[in-house]
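J.: Numbering (the numbering used here), first residue to last: 91 to 246. For reference, the structure I am asking about is given below.
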């Protein structure tokens, strides 16, 4: 086995030849579609081992100096993937949704001013309108909620 130092940034596990913080990485492991697994609690000849196992069958063995380090690394690696972050986000969104009052009337107040709008080629003023659309977290697309009144001015 070869001794390397690792640094985790987002979902990227960089490994280095030395512990010098300014050294160039020797490689990187992208931590997606993988899990960190401990097969034995016992100390092995090179330390406390765990494995990064990828869905495609590839496995990377890593050993740490202590059980606490191993526990910290496995936890950090599990939390590093974007898939895991998406799961956490979904859980938080569900918690927020449960806390919302379903009887609460949604409120939207806005003020829109159309000043100095240009006339068309025949000198007629424009007839602006505003269409309000809404969406909710459990729907796909937008729903027409309302629109402003259309007032046409005619000169006879």
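Quick reminder that beta carbons are idealized off the backbone N, C-alpha and C, glycines included.
Can you tell me where the beta strand (DSSP E) with residue 50 in it begins and where it stops?
T.: Any question about residue 50 goes unanswered here, given that the chain covers just 91 to 246.
J.: Near residue 101, which residues of its chain fall below 7 Å by C-beta distance, leaving aside the five closest residues on each side in sequence?
T.: If you number the chain shown from 1, residue 101 lands on position 11. Hits under 7 Å: 120, 121, 122, 170, 171, 172.
J.: Only counting runs of 4 or more residues, tell me where the alpha helix (DSSP H) segments fall wholly within the stretch 140-179, in order along the chain.
T.: 157-170
J.: Within the same chain, show all residues whose beta-carbon is closer than 6 Å to that of residue 104, passing over the 5 residues directly before and after it, in chain order.
T.: For the purposes of this step, residue 104 is taken as the residue at position 14 of the chain shown. Same-chain partners within the cutoff: 97, 115, 118.
J.: Go ahead and pull the three-state DSSP assignment for residue 119.
T.: By one-based count along the chain shown, residue 119 stands at place 29. Residue state for residue 119 is assigned as strand, using DSSP reduced to three classes.
J.: Would you identify the three-state DSSP class for residue 188, choosing helix, strand or coil?
T.: As a first step, residue 188 is located in the chain shown; it is residue number 98 there, counting from the start. Note: residue 188 maps to helix in three-state DSSP.
J.: Would you verify that the beta carbon of residue 142 is, or is not, closer than 9 Å to some beta carbon of chain D?
T.: The question asks about chain D, but that chain is absent: this structure has only one protein chain.
J.: Grouping DSSP H, G and I as helix and E and B as strand, with all else coil, what is residue 102?
T.: Here residue 102 is taken as the residue at index 12 of the chain shown, counted from 1. Strand.
J.: Return the residue from the list 138, 217, 190 that minimises the CA-CA distance to residue 203.
T.: As a first step, residue 203 must be located in the chain shown, where it is residue number 113. The option with the nearest alpha carbon to residue 203 is 217.
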